[in-house]
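Okay, so the sequence shown: first residue is 17 according to my numbering, each after it adds one. Glycine residues also receive a C-beta, built at the ideal position from the N, C-alpha and C atoms. Keep in mind the model is a prediction, meaning the values are calculated, not measured. Notes to accompany the following structure.
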Amino acid sequence: MSRAGTAGAVDAPATDREPPSAGRTPKRGRRRGDRPRPRRNLRARLRRDWPLLAMTAPAALLLLVFHYLPTLGNVIAFQDYNPFVGDDPLEAFLYSEWIGFGNFEALFRDPLFWDAVGNTLTITAFQLVFFFPLPILLAILLNSLVSGRVRGFVQSVVYLPHFFSWVLVITFFVQMLGGAGLLAQEMRQAGWEPWNIMTNPDTFIVLVTAEAVWKDIGWGAIVFLAALAAIDPNLYEAAAADGAGRWRRLWHITLPGLRPVIVLLLIMRLGDALSVGFEQFILQRDAVGRQAAEVLDTFVYYQAIATQQWGLGAAAGLFKAVVGLLLIITANHLAHRMGEQGVYSRS
Numbered sequence: 017m018s019r020a021g022t023a024g025a026v027d028a029p030a031t032d033r034e035p036p037s038a039g040r041t042p043k044r045g046r047r048r049g050d051r052p053r054p055r056r057n058l059r060a061r062l063r064r065d066w067p068l069l070a071m072t073a074p075a076a077l078l079l080l081v082f083h084y085l086p087t088l089g090n091v092i093a094f095q096d097y098n099p100f101v102g103d104d105p106l107e108a109f110l111y112s113e114w115i116g117f118g119n120f121e122a123l124f125r126d127p128l129f130w131d132a133v134g135n136t137l138t139i140t141a142f143q144l145v146f147f148f149p150l151p152i153l154l155a156i157l158l159n160s161l162v163s164g165r166v167r168g169f170v171q172s173v174v175y176l177p178h179f180f181s182w183v184l185v186i187t188f189f190v191q192m193l194g195g196a197g198l199l200a201q202e203m204r205q206a207g208w209e210p211w212n213i214m215t216n217p218d219t220f221i222v223l224v225t226a227e228a229v230w231k232d233i234g235w236g237a238i239v240f241l242a243a244l245a246a247i248d249p250n251l252y253e254a255a256a257a258d259g260a261g262r263w264r265r266l267w268h269i270t271l272p273g274l275r276p277v278i279v280l281l282l283i284m285r286l287g288d289a290l291s292v293g294f295e296q297f298i299l300q301r302d303a304v305g306r307q308a309a310e311v312l313d314t315f316v317y318y319q320a321i322a323t324q325q326w327g328l329g330a331a332a333g334l335f336k337a338v339v340g341l342l343l344i345i346t347a348n349h350l351a352h353r354m355g356e357q358g359v360y361s362r363s
């Protein structure tokens, strides 16, 4: 064989030989669309986040003990529950008679129940119109204050009544607006007939709304102040440079920035439409009468707990919870239609 042929025979396999990386997937960087890498294992995450878990544990325990576990007691709404038929609550539950929807039938046939529901809804609607917007206005006014000291002082003054009990709040109003209060004394000295404010059932809805405003307007403004702090100040500067006045900046920047928070709190308030309070109304019920001051919570106390009709009270509470849930779902759906996230977002 010639030398050239030998070289060709030797060199031919070298030209046909596949490269070492042939048939293998080349390494590439992570691109968009690839699955994320597995997260750290549970032990590592617990080691990292244990301070946060320790801080939230007491709140989670309180929520479990005082909210989720008592929810199981709603089952007695379908029983003629008698806590004295057994040696412990479990035996009382097992030995109590099941009556189906009997408690609900008795509840819906009671005209006092519907009077309480009507009063509750009326007070809720009145406070939505005359109380709900006030913390928004207060937050906008506080945010417009230039002096930090003045703002801090006003905030401290308006926050303070939130920490007062309803007993103290109503006592304050009695001392100011009652028949022997400061206002009545000043009107008598001036030769005028004093107003009947604390015992007038016709103006009771205005009275309880005024008490709620004085007590909680400052506390309700905290959330809106936080939302105002999240608005970019450059938007105001750009709008002012374009010639927008104070009212236009309020309408086109401030209110749109507050709209998600307003919608969220409005939905949550609608969920509590049948819960306007207990202490505030039971303390003034005798002064103005049942027809004006009876709400759903006081109805449960007087018609169920005081008379030991536990199943009837549980039925009223379950009715209130179901109505609140339906109102939240409906309001949240309307919020989605308006382009807002609401309480929960759509999947």
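Residue range of the unbroken alpha helix (DSSP H) whose run includes residue i
i: Ile233; result: Phe220 to Ala245
i: His178; result: Here His178 belongs to no alpha helix (DSSP H), and DSSP marks it neither H nor E.
i: Trp211; result: Run containing Trp211: none; DSSP gives neither H nor E here.
i: Asn348; result: Trp326 to Arg353
i: Ala309; result: Arg306 to Ala309
i: Gly197; result: That residue, Gly197, is in no alpha helix (DSSP H); it is neither H nor E in DSSP.
i: Ala254; result: Pro249 to Ala257
i: Trp66; result: Leu58 to Leu79
i: Val316; result: Leu312 to Val316
i: Phe142; result: Pro127 to Phe146
i: Ile321; result: First-last for Ile321: undefined, no H or E at that position.
i: Ile283; result: Leu271 to Gly287
i: Ser160; result: Pro149 to Ser160
i: Gln296; result: Glu295 to Ile298
i: Trp434; result: In the structure as shown, the chain begins at 17 and stops at 363. Residue 434 is therefore absent and cannot be evaluated.
Alpha-carbon spacing of residue i relative to residue j, whole angstroms
i: Gly39; j: Arg59; result: With a pLDDT of 48 at Gly39, under the threshold of 50, the modelled position of that residue is not reliable, and the figure given next carries that caveat. For Gly39 and Arg59, the distance between alpha carbons rounds to 39 angstroms.
i: Ser291; j: Asn98; result: 27 angstroms
i: Leu85; j: Leu79; result: 9 angstroms
i: Ile233; j: Ala155; result: 10 angstroms
i: Gly327; j: Thr72; result: 34 angstroms
i: Val91; j: Leu244; result: 44 angstroms
i: Ala75; j: His83; result: 11 angstroms
i: Phe189; j: Gly197; result: 8 angstroms
i: Pro54; j: Leu62; result: Residue confidence for Pro54 is low, a pLDDT of 48 falling below 50, so the modelled location carries little weight; the figure read from the coordinates is stated next. Approximately 16 angstroms between the Cα atoms of the pair.
i: Gly195; j: Met203; result: 11 angstroms
i: Arg285; j: Phe294; result: 16 angstroms
i: Ile344; j: Trp267; result: 27 angstroms
i: Phe117; j: Thr225; result: 36 angstroms
i: Ala322; j: Leu123; result: 16 angstroms
i: Arg167; j: Thr187; result: 29 angstroms
i: Arg165; j: Thr270; result: 23 angstroms
i: Ile139; j: Glu253; result: 42 angstroms
i: Glu107; j: Pro67; result: 41 angstroms
i: Ile278; j: Leu350; result: 14 angstroms
i: Ala303; j: Phe169; result: 36 angstroms
i: Lys231; j: His352; result: 32 angstroms
Beta bridge counterpart(s) of residue i as assigned by DSSP
i: Asp96; result: Glu113
CB-CB length for residue i against residue j, believed under 8 angstroms
i: Ala309; j: Asn119; result: That pair is no contact at about 25 angstroms.
i: Pro272; j: Glu356; result: That pair is no contact at about 11 angstroms.
i: Gln143; j: Leu158; result: Actually they do not touch by this definition, with Cβ atoms about 21 angstroms apart.
i: Arg265; j: Ala257; result: Contact flag wrong, Cβ pair sits at about 11 angstroms.
i: Pro217; j: Gly329; result: Not quite, the Cβ-Cβ distance comes to about 25 angstroms (not below 8 angstroms), so this is no contact.
Check: residue i C-beta below 7 angstroms from any heavy atom of the ligand MG
i: Val304; result: Looking for the ligand MG in the displayed structure turns up nothing, as the structure carries no ligands at all.
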